[in-house]
Amino acid sequence: MLKAFKNKKAVSPLIATILLIAFAVALGAVVMSWGMNVKPLIEKPDIEKCSDVSLEVQKIKDIPQAFYGGSGPGGLIKFTIANTGSYDIDGIILWIIGEEDTYIIDLKQSSIKVGYPLIKEIQYNFNVYGEVKKLKFIPKIKIDDLVVTCAKSSLEEERISPVS
Amino acid sequence: MDKGIQEAKKEVERDNFSDEIKLQLEEKGHLTSDIENAISTYSKKVKFNKRSFESKEVKRIFWKELFDRIGYGFSSQQFINILFFQTGASYFVIGAINGLRVILSVLITSFLGEYSKIRKISKRFIGTTGILFGLCFIFMAIARLFHSVPLFALALLIGSIGAVSYGDLYQSIFRNALKKERIHFLRNIAQYGLIITGISIIIASLLMDKFPATGTPVSLFGLEFRIFGYLIAFEIAAISFIVSGYVLSFIKEKQIKIIEKRSPLTQLKIQLESLKDSLPVFIKNKAIVVLVIASIITGFVQTLGNSYYGIYIYETFKYSYFGGFMNVGIVFLIAILTSFFAPFIVKQNSKEYGKFPMLVFGTLLMAIMPLTYYYNPNLVSISMGTLLGVIGAAITGVAHGLLTADLMSEKERKVYFSEYSFLIIIPYLIIMPIGAYAAQAYGLRTLFLLLGLILTLIVVPLYFLIIILHNKKEKI
Numbered sequence: 014m015l016k017a018f019k020n021k022k023a024v025s026p027l028i029a030t031i032l033l034i035a036f037a038v039a040l041g042a043v044v045m046s047w048g049m050n051v052k053p054l055i056e057k058p059d060i061e062k063c064s065d066v067s068l069e070v071q072k073i074k075d076i077p078q079a080f081y082g083g084s085g086p087g088g089l090i091k092f093t094i095a096n097t098g099s100y101d102i103d104g105i106i107l108w109i110i111g112e113e114d115t116y117i118i119d120l121k122q123s124s125i126k127v128g129y130p131l132i133k134e135i136q137y138n139f140n141v142y143g144e145v146k147k148l149k150f151i152p153k154i155k156i157d158d159l160v161v162t163c164a165k166s167s168l169e170e171e172r173i174s175p176v177s
Numbered sequence: 169m170d171k172g173i174q175e176a177k178k179e180v181e182r183d184n185f186s187d188e189i190k191l192q193l194e195e196k197g198h199l200t201s202d203i204e205n206a207i208s209t210y211s212k213k214v215k216f217n218k219r220s221f222e223s224k225e226v227k228r229i230f231w232k233e234l235f236d237r238i239g240y241g242f243s244s245q246q247f248i249n250i251l252f253f254q255t256g257a258s259y260f261v262i263g264a265i266n267g268l269r270v271i272l273s274v275l276i277t278s279f280l281g282e283y284s285k286i287r288k289i290s291k292r293f294i295g296t297t298g299i300l301f302g303l304c305f306i307f308m309a310i311a312r313l314f315h316s317v318p319l320f321a322l323a324l325l326i327g328s329i330g331a332v333s334y335g336d337l338y339q340s341i342f343r344n345a346l347k348k349e350r351i352h353f354l355r356n357i358a359q360y361g362l363i364i365t366g367i368s369i370i371i372a373s374l375l376m377d378k379f380p381a382t383g384t385p386v387s388l389f390g391l392e393f394r395i396f397g398y399l400i401a402f403e404i405a406a407i408s409f410i411v412s413g414y415v416l417s418f419i420k421e422k423q424i425k426i427i428e429k430r431s432p433l434t435q436l437k438i439q440l441e442s443l444k445d446s447l448p449v450f451i452k453n454k455a456i457v458v459l460v461i462a463s464i465i466t467g468f469v470q471t472l473g474n475s476y477y478g479i480y481i482y483e484t485f486k487y488s489y490f491g492g493f494m495n496v497g498i499v500f501l502i503a504i505l506t507s508f509f510a511p512f513i514v515k516q517n518s519k520e521y522g523k524f525p526m527l528v529f530g531t532l533l534m535a536i537m538p539l540t541y542y543y544n545p546n547l548v549s550i551s552m553g554t555l556l557g558v559i560g561a562a563i564t565g566v567a568h569g570l571l572t573a574d575l576m577s578e579k580e581r582k583v584y585f586s587e588y589s590f591l592i593i594i595p596y597l598i599i600m601p602i603g604a605y606a607a608q609a610y611g612l613r614t615l616f617l618l619l620g621l622i623l624t625l626i627v628v629p630l631y632f633l634i635i636i637l638h639n640k641k642e643k644i
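Protein sequence lines, in the order shown, are assigned to chains A and B.
Each position in the first sequence, counted from 1, maps to that position plus 13 in this note's numbering.
Each position in the second sequence, counted from 1, maps to that position plus 168 in this note's numbering.
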């Protein structure tokens, strides 16, 4: 009996490797599934986070920096908006409300960090949508990996001037 | 008789007294009792003087260590990367600059290591690099304030040069300045220093969360100004390193004999020539070639991952858990505390399982870290993944060292370690930008998946290949 304990042989490298690989895989599986149900400690409800979002059309000499130009299918809309809230904006949905119809566009590359502006120029078809009456900017934010649209924090601008 | 005492005193003061000298003095006609009296009187004095000198040195080194640890905590690499990102740097720029920083660091470490063997590098130079290192943090804070990416990148690169020169060369002074038993005592202080670094990380996180980058308006004595948390944290880091560099100037160093007068450029040429000579020897041994490739890839994964882990945690959880910087601080505090006991785990297991299995196991543990960031991005699992990654890196490091001892002769090993830094330059210059581009083009999560897969599907098989090559060689 005692002899069996005394004749302790080392584990062969191959078996040791296989054992350790199995252990590492098991460990990895545990860690990668660990805490999936743990709720973040200070996570606010999504709606509450939207209240931290605020947009503003930039003004120069009291003139809002929202312009239209061109004609027919070659029209354009130009604007400068700023993130004046305390939460980074992940993207913007823009409504261009025309006399005939509303043009809705999910703006690409439109994330705005807190305190930063966004300057954009968008193509607009006057023949289809008519003269521009109003611009509506709806911010989208990212909470963890979820994109939330903050419709209530939208910004509207009716003072749209022709490009000089 | 007086002369005998004087001679004995001189020899004792020089720490040079031996039985031979005692005999010589006796032959000169001095009384044995006089000589012994002189020895006992003066050796006590000399011992006392030495002890008080050493305790002063210990105190100085203690303060220097303390300030260093505070500095390292307030200027944690992850915070630097987050602030670099906030300055406006793209993922590509962050990855590329971090890659360049690593190349510079290993090059300078290797160069200074070899150069300091033949020429004494002045303490003033080391102290100045410490001060320069500290000033770099002030420049980084200014760059963040004015959103200047080039200034931030420049400060980061110069800072890394300062960090290496300062850190590595200080270690040699540290070893020379004290007796072995004292070094052991101070090593303990250095280990406890990890706790100081950890506390500093948490304070820095609190400061940066409390006073965000937009600036907190404060009114003091009728003056209104804005407070920026990162500015305070980096100021503390800068002051700590500057003070530490100043304390270093008081530490006495032993004189190193100058073997040869060489300019730094000549030294570099000699090292490159030595690489030229030793390269064919390494290339002949396929196992060494595969080992170098595996360690370059592992290093690449670590460097690239470390460039983005902090940014990813900050950006993903900035509105949840403990808030922005604190989340990052806590995850890396766990990593620091793990590195405290990781060597113990490694020593225990490497004896039990052997180097090859430990190498594979360590690499797999390292792979769990980026894979967790990809598959389960929540703070709990990310913390656990980071913990395993740190243990894995320690295991791989030790097993790698044991393996090189097995594959190479002592002479080859010395050349390998001194020339390794030159070997990695070209591969790093190619693969680091590619990795940084992948981060920019496909996002951080995809990059983490890629890094995990590289470790499991490329590095682990490479280690198996080394086992096969090694076994073949042994059979021959």
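Just so it is clear, CB atoms sit at the ideal spot from N, CA and C, and this is done for glycine as well.
Fair warning: this is a prediction, and the values are worked out from it, not measured in the lab.
By the beta-carbon neighbour count (other beta carbons within 10 angstroms, threshold 16), V141 (chain A) is exposed.
Under the DSSP assignment, R312 (chain B) falls in the alpha helix (DSSP H) whose first and last residues are 291 to 313.
Around the beta carbon of R312 (chain B), a 10 Å sphere encloses 16 or more other beta carbons of the protein chains shown; the residue is thus reported as buried. V176 (chain A) sits in coil when the DSSP states are folded into three classes, being neither helix nor strand. The beta-carbon separation of I481 (chain B) and I550 (chain B), rounded to 6 Å, stays under the 8 Å limit for a contact. With respect to the 8 Å criterion, I593 (chain B) and G467 (chain B) are not classified as neighbours on the basis of their beta carbons. By the neighbour-count definition (other C-beta atoms within 10 Å, threshold 16), E233 (chain B) is a buried residue.
Counting other Cβ atoms within 10 Å of its Cβ, Q122 (chain A) stays below 16 and is therefore classed as exposed. Cβ-Cβ distances below 6 Å link L570 (chain B) to K523 in the same chain, with the five nearest sequence neighbours on each side left out; the list follows chain order. Around the beta carbon of S387 (chain B), fewer than 16 other beta carbons sit within 10 angstroms, so the residue counts as exposed. By the C-beta density criterion, T200 (chain B) is exposed, having fewer than 16 other C-beta atoms within 10 angstroms. Contact with chain A is found for V528 (chain B), since one of that chain's Cβ atoms lies less than 8 Å from the residue's Cβ. Contacts with chain B at 8 Å (Cβ-Cβ) do not include P130 (chain A). Here the stretch 161 to 173 of chain A makes no contact with the stretch 127 to 140 of chain A; the two share fewer than three CB pairs at distances below 8 Å. Not a single CB atom of chain B sits nearer than 8 Å to the CB of A95 (chain A).
Not a single CB atom of chain A sits nearer than 8 Å to the CB of M494 (chain B). The alpha-carbon separation between L575 (chain B) and N544 (chain B) amounts to approximately 39 Å.
In this structure D445 (chain B) is exposed. Its beta-carbon is surrounded by fewer than 16 other beta-carbon atoms within 10 angstroms. Where I109 (chain A) is concerned, the enclosing beta strand (DSSP E) starts and stops at 104 to 111. In terms of Cα proximity to T277 (chain B), the closest of B:L303, B:I299, B:S328, B:V317 is B:S328. Counting only runs that start and end inside the stretch 363 to 393 of chain B, the beta strand (DSSP E) elements of at least 3 residues fall at 384 to 388. The C-beta distance from L533 (chain B) to A37 (chain A) rounds to 6 Å, short enough to fall under 8 Å.
With contacts defined by Cβ atoms closer than 8 Å, L362 (chain B) and S507 (chain B) form a contacting pair. With fewer than 16 neighbouring CB atoms inside 10 Å of its own CB, S25 (chain A) falls in the exposed class. In the DSSP annotation of this structure, G611 (chain B) is not part of any alpha helix (DSSP H), being labelled neither H nor E.
Contact of I536 (chain B) with chain A is assigned, a C-beta pair being separated by under 8 Å. Nearest Cα to L615 (chain B) within the set B:A535, B:L440, B:S577: B:A535.
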